[in-house]
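Reading through the structure tokens given below for one structure.
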Amino acid sequence: MHGNEVLGREMMLALAWYLCDKYREKDPEVLKLLNNTRIHIMPSMNPDGWDIATRSSDNSWMAGRGNARDVDLNRDFPNLERIFQKNLETMKPIKADHLFDGRLEHQIQPETRAVIEWTLNNPFVLSANFHGGALVANYPFDDTLDGSQKKYTASPDDNTFKHIANAYASHHPQMQQGAVCGGDDFKKNKGITNGAAWYAVSGGMQDFNYLGSNDFEITVELGC
């Protein structure tokens with residue numbers, strides 16, 4: 001997602017190697033997983049940003065965050081919360097998926113368009129979007145419905161999302177123990193947070209995948 005946050009990229013490459021190696025070794029757990037589950041792995045959504053960060057002498061946290069046009073791809077997706085909010089206000093039957101009607105409020109980036117098409121053409125059920133800089137499992141909504149900068153904003157599937165986030169955080173050796181990067185400490189919430197309760201993100205991938213498709217996505221911050 002962000003080119004200068006490399007942990008997720010390396011972890012996905014390692015996961016691909018692990019699954020292939022263990023499948024060839026006929027590991028029972030991996031055999032069961034791959035024979036019964038369709039798995040897609042995208043090591044990097046932003047290879048240009050990664051290249052910029054790799055070549056740059058600038059050590060700031062912004063170097064390579066955006067794509068080649070310096071656009072933050074996690075602010076570039078259609079904002080479907082507005083449609084969701086309008087449905088609430090007009091008392092229309094509340095839907096929590098397939099809200100994307102194809103209309104775009106701005107010229108989206110090629111990387112964003114590719115991911116949208118990928119998501120809408122595949123019936124994903126679960127996904128994780130990996131970032132770096134904090135240590136927490138973040139779940140929808142990422143954006144607030146009233147324009148607040150920071151406010152717990154529950155989705156219709158809030159309990160399910162908390163369960164998914166807890167499933168990840170509880171199996172991580174450090175995530176439930178609190179911050180290790182000097183940033184926000186999520187220990188009191190056992191390593192999980194509602195995205196908008198942390199800070200509001202408009203146009204994020206997590207909320208688009210949830211509201212635009214079948215996909216229950218969480219955002220995982222992997223640490224420094």
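All residue numbers in the sequence shown are consecutive under UniProt numbering, ending with 224.
Ideal Cβ positions, reconstructed from N, Cα and C, are used throughout, including at glycine.
| Query | Result |
| --- | --- |
| Element boundaries [alpha helix (DSSP H), containing histidine 163] | 158-170 |
| Alpha carbon of glycine 191 to alpha carbon of asparagine 159, nearest angstrom | 16 Å |
| Limits of the unbroken beta strand (DSSP E) element including tyrosine 152 | Unbroken run through tyrosine 152: none, as it is neither H nor E. |
| Inter-residue Cα distance where the pair is lysine 86 and leucine 145 | 10 Å |
| Inter-residue Cα distance where the pair is asparagine 36 and leucine 120 | 21 Å |
| Whole runs of the alpha helix (DSSP H) within the region 13-56, excluding any shorter than 4 residues | 28-36, 47-55 |
| Cβ-based burial, alanine 53 [other Cβ within 10 Å; buried from 16] | buried |
| Rounded straight-line distance, which links the Cα of serine 56 to that of valine 125 | 37 Å |
| Alpha carbon of lysine 162 to alpha carbon of lysine 187, nearest angstrom | 15 Å |
| Short Cβ contact (8 Å threshold) for methionine 205 with valine 115 | yes |
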